[in-house]
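Those letters in the sequence shown? Residues 2 to 1276, per this note's numbering, in order. Working notes for the structure below.
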Amino acid sequence: GRTDQALDELIGFFVNTLVLRTDTSGDPTFAELVTRVRERSLAAYAHQDVPFEYLVELINPTRTLSHHPLFQIMLALQNAPGTELELPGLRAGIELGKTGTAKFDLFFSLAEQRGAHGEPQGITGAVEYSSDIYDAPTVQALFDRWVRLLEAAVSDPDRPLADIDILTPEEHRRAVVEFNDTAHAVPDGSLGELFSRRVAETPDAPAVTDGALTLTYAQLDARANQFAHEVIGRGVRPGDAVGVLLERSIETVATVLGLAKAGAVYVPLDARYPADRIRHVLADTGARLLITDERPVPIPGAEAMELLRIESTRPFASDPGDPRVGVRSGDAAYVMYTSGSTGAPKGIVVTHGNVAALAVDPRFERAAHRRVLLHSPAAFDASTYELWVPLLGGGTVVVAPAGDLDVSALQRTVVTQGVTALWLTSSLLNVVADHAARALSGVVQVWTGGEAVSGATVQRLHAACPGLTVVDGYGPTETTTFATHHRVPRPYSGGATVPIGRPMANMRVYVLDARLRPVAPQVTGELYIAGAGVARGYLNRPAMTAERFVADPFGVEPGARMYRTGDLVRRDAGGDLEYVGRADQQVKVRGFRIEPGEVEHVLAEHPAVGQAAVVAHHDQSGSTRLIAYIVPDTDGPTADLGDFVRRLLPEYMVPSTYITMDRLPLTANGKLDRAALPEPDPVARADVPRREPRTERERVLVTLVAQALGVEEVGPDDDFFALGGDSIVSIRLVSLARSAGLGLAVRDVFEQRTAANLAEVADELRVPAAHPGDSGVGGMQATPIMRWFDARGGDIDAFYQAMLLEVPAEMRQDHLVAAVQALVDHHDALRLLRTPGGQGTVPWSLEVRPVGSVSAADLVHRVETAGVTIDAALVRAQVEKVSARLSAERGLLVQLVWFDAGPAVRGRLLVLVNHLVVDGVSWRILLPDLIAACDAARVGRPPRLDPVGTSLRSWADLLAAEARQPARTGEAAMWSELLTAADPPLTTARFDAARDTVGRARDLTLSLPPEVTHPLLTTVPTAFHAKVDDVLLTALALAVAQWRRTRAGGRHTALLVDVEGHGREDIVEGTDLSRTVGWFTSLYPVRVDPGPLAWEEVVAGGPSLGQALKRVKEHVRSLPDRGIGYGLLRHLNPETGPELAGLAVPQLGFNYLGRFPSAGAPVIAGRPEWTMAAETGLLSGADPATALAHGLEVNSMVRDTPDGPELEAVWTWAPDLYSERHVRALADHWFRAIRGLVRHGERSDTGGHSPSDFPLTELSQHDIEQLEAAWRVQK
């Protein structure tokens, strides 16, 4: 505080307090942090004369008696030179006064120590702390970790802060090993086998009772056997899903046990759930049988599936014996659904081994679990405990009366049936403790949880029931009911919330930071669970499974996984886990996990709801309820909102209160400000609004459309093509839809255009479609594009495409090999063999070899690059090396090179595929499949890829047959006429296939910026109900016409051009190529004529451009099935082929490949660990001797860069035909014409339909324009 020299000799207390904020964002190194702190401190010292009290007054923070207004931690470093006071006969020293009070939460007081000659001799210090917040061991541990951090930072100041581990090896061992020392022997076998062993031990012991009827273990076993034989007789095989919609009863117990013996996957359903939700579960699991009782099935359409009704008076025959079905402990036992954040519930696949490990846990003491109450809903995972713990432990299942139990019915059942153990959600336990605590006086153990367990409730129960033990059981469904437990001590003297305790037997729990490292005791981290209870994953959700079920870095067994719970916890001083909160918005209500987003989705479906937010509110009573905040969209009635939501969601997901707001509060970042939402008024009700997806199917499709387009959000009525969709993206959408259980065709996307319309025509796919008898293996016919390439004379082995990806640092070669093996086994094209000797005009034959015939170990190569810069030159060298290994004759069509940069650095993965078996659409299938397979291999699961519809081999057969169909051969005259029309030469020289080869070709790459590309993809095609290809072809025709005029003064405006298409056309009913890998490209001639336009008008975006675009659009639409017939007639029909072969070949080739991610962009949206590498883009190669297909070609694509989409065009030409100067001029004309079309699209009077938009009428362009003009006047 002595900033003025005049104060140097003045006695007084001049110390001032500086409030400093240390910025550790961005994970700096310690050296960088020191620099930051130095700069911040110097800036603060420049203003140190400002009195601290004045600063507090100026800022005026919220005052509280609990802590200091601006900071809670103080650091004081005493580094002033020491002085000595010498008085005769006295020894003087400094003694700090102690007041017994703490001014701050923590006060670190340090002093530099120096020797007699001023040399440094360390630092001494003291810590003063508030005993209301800290105790001595905690402060000591904090100080020790600070010292360890300083030691690590000083020894390596360039290490990032996040890399500094402040735990000692002993602390790490305690957190990872000692805390998880829970090993307990689990007998091997399926649940059916384990139950049979129990029957052999105690055949006459009571197994199940409902008060009126009791079955012994032998009797229950006989009934289960009878039922198992019955479902097997109905065609149920091991692994088949079977829906069970039964009221609670003894027959329900026998049914579940019988399904386990039959190896079926039990899918519990709840009749109280909305029909749509039940229908979704049945469709998602592909259930082939629905078991129900005598009640009417409350699911419209379920009558269509096979039903097995269990009658209450069901006759019992003699025991047919165990079905002896081979069921392993790793097989699925049941699928249970929980709320999903995407708006659809997700199914969790739990295995026999998972359940067995839970059931034999010694924490379920035999004496306490002699009679266990079965009362939870079947679709709630607590029923797993209620059923299997007693059945495999020799106890008795006490079946509660059917239906919902009130407190009095629960009390009556517990008391009269002598229940010794039961599960109660913490909410229900609170009610019982308040209203019927004595009901549990005869119970030995009550397990409770689902939400925070109240300490006050436990104390009331202890007082009322001296013999009762309360156990807090915690665990998500993904870890098979319970992962941790806390046996509450008696008397309970802990805090307001009971800890969730320590791991169950054979379970491991870790409290980790963002880098998956154990955090220090009493520090909050995310809870990860590993061990025998970790489920297989989410059904049909590989991406979600990979996100939540991750590799266990501490597991000793290979492939160990752990489940990322999203729960935030900390270890208390005694070592027990305490629940702190969630890392996301998921909540629990009455023990049920709820994603607020799912409820918000449903609210938004109401026509009067504009916006909705749902939050969990904790009442003073300790219960949790959902509150919905609604922003009205219309003045429509909302009195039915509660009933509306109940029709779509289970009762526990229905908000208890609706609050109407003018707008939802947002943070500065535009996110919902939950803290600013008003407290609910108990009588608040909705007056509410909004249109969003109306149905579950609509909601799913909205999500899929957004995923296909790579955007965050779309509306149900948004035009797919207006948002940038094209034919390639539409194929991806169809593939995504099929994965979600919805059947669509590409034609549907073009015709329906919106998610709402697609929802109307989509089919529900119960079983993935694969054509009967379509194994995809065996001899295969050549497709048109294969024959076309063969005629060009090049070596097929040198013809390839390649992608370079940036991959996770933790990739392993064995995982990659397993993933690639799954890929080549799954996709037939990758096992194609091309051998010399064929039939007819083809000198070779094709064969798809069987699964397993190609070894992935021969395809994957590892290159050590640790410490080596990966650049384009290195990649090119490897491309040349591995491309030389390609051999269609030996069936080597794929090569992968993993550039391994070490375990801490992301590597690269080169995927190179012979073009014979891949195209642009195939890459969009192969790369996500490769990622999914790698994810599965990483967590020790066999890769399960989405099914393929029509095989490549079947498609080739269909094409050969289609080429001879009368309707198709009738097109030959049209193609002949198109190719014989006038097409003046673009150059004076003639194309020579022997001279104009790939090896001599030149190329030029140009691009258009996002401000042009974005409207090219959206505004312009939307205005004219056209595709991006139509716009690009219009611009190309205009550019070539201008080029002709400037070079030779010609007035020819028509353009004959060869156009490439994806070739996956819906020409045969029932085919599905959305997941089929191969080279499907179609190549066909198109003649377009935009008409005579002045170049100035083209560049300016004048009014005549609209007519030009409509003309070109109609020319393209006039070709049937997007031109696929030309290739069929030219290459597969021996009668029409020679005639078409004798006609002219277009001088110019055009190809629009669609949209591709740019360098650094994720291969799959939401998966940043797999990205497109920056070193190089899409690579390709061909034999230099291969003849060019055209003297001049333009291949274009859109790259989605961080700044927006950019159109990239690659011009390739034969140098003996064209000069670079002429090609550049044409390329410039094309881009200027594109810009002109974009300008035209910005006009208010632009756009409109053309005749092909109305295929059921015979309207001319003039008729349409008159109707549009009349409509505009009327509007």
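Every residue gets a Cβ at the ideal spot worked out from N, C-alpha and C, and that includes glycine.
The beta carbon of THR30 is closer than 8 angstroms to those of PRO158, ASP159, ARG160, PRO161, LEU162 in its chain, skipping five residues each way along the sequence.
Beta bridge pairing from DSSP links ALA242 with VAL266. Of the other Cβ atoms in all chains shown, 16 or more fall within 10 Å of the Cβ of HIS827; this residue is therefore buried.
In the displayed model, GLU172 falls within a helix according to three-state DSSP.
Using a C-beta cut-off of 8 angstroms, the region 191-200 makes contact with the region 255-275, since at least three inter-stretch Cβ pairs fall below that distance.
Boundaries of the beta strand (DSSP E) around GLY780: 779-781. For the pair PRO519 and LEU168, the CB atoms are nearer than the 8 angstroms cut-off. CA-to-CA, the gap between ARG969 and VAL735 works out to about 26 angstroms.
Annotation for VAL447: ALA422, LEU423, TRP424, LEU425, LEU430, LEU441, LEU462, LEU469, THR470, VAL471, VAL472 place their beta carbon closer than 8 angstroms to its own, counting only its chain and skipping 5 residues before and after. Beta-bridge analysis with DSSP links GLY450 to THR426. In this structure, the alpha-carbon of GLN1267 lies about 12 angstroms from that of SER1251. If you compare the alpha carbons of VAL715, GLY777, ASP791, VAL778 with that of ARG754, the shortest gap goes to VAL715. When the five nearest sequence neighbours on each side are left out, the beta carbons in the same chain lying within less than 6 angstroms of the beta carbon of ASP920 are those of TRP1080, PHE1081, THR1082, in order along the chain.
For TYR564, the uninterrupted beta strand (DSSP E) run begins and ends at 562-572, by DSSP. The region 1066-1073 makes no contact with the region 1152-1170, as fewer than three CB pairs between them are under 8 angstroms. Take the alpha-carbon of GLN587 and the one of ARG675: they are about 14 angstroms apart. DSSP, read as helix, strand or coil, puts ILE932 in helix. According to DSSP, residue pairing for ILE60 in a beta bridge does not occur. Annotated three-state conformation of LEU1141 is helix, per DSSP.
In the DSSP assignment, TYR1127 falls within the alpha helix (DSSP H) that extends over 1125-1132. In the DSSP assignment, PHE790 is bridged to no other residue.
Residue environment: TRP147 is assigned as exposed (fewer than 16 neighbouring CB atoms within 10 Å of its CB, all protein chains considered). Between the alpha carbons of ARG329 and PRO391 lies a gap of roughly 21 angstroms. Shown here, PHE1255 sits in coil according to DSSP, grouped into three states, outside any helix or strand. Contact annotation: the region 132-149 does not touch the region 17-35, with fewer than three C-beta pairs closer than 8 angstroms.
Cβ neighbours of ILE595 within its own chain (closer than 6 angstroms, five residues either side excluded): SER340, VAL588, MET654. Per DSSP, the continuous beta strand (DSSP E) segment holding VAL914 begins and ends at 908-915.
Residues of the same chain with a CB within less than 7 angstroms of the CB of ALA127, apart from the 5 flanking positions on each side, are SER110 in chain order.
In the structure shown, GLN708 adopts helical secondary structure according to DSSP, grouped into three states.
If you ignore the 5 residues before and after PRO1093, its C-beta comes within less than 6 angstroms of the C-beta of THR1054, all in its own chain and listed in chain order. DSSP, reduced to helix, strand and coil, places PRO70 outside both helices and strands of the structure shown, so it counts as coil. Per DSSP, reduced to three states, the secondary structure at ASP764 is strand. In the structure shown, ARG1088 falls within a strand segment according to DSSP collapsed to helix, strand and coil. LEU76 counts as exposed, since fewer than 16 other C-beta atoms from the protein chains shown sit within 10 angstroms of its C-beta.
In chain order, THR1172, MET1173, ASP1201 place their CB closer than 7 angstroms to the CB of ALA1162, counting only its own chain and leaving out the 5 sequence neighbours on each side. Comparing alpha carbon positions, the residue from PRO1139, SER1105, ALA799 closest to GLY1000 is ALA799.
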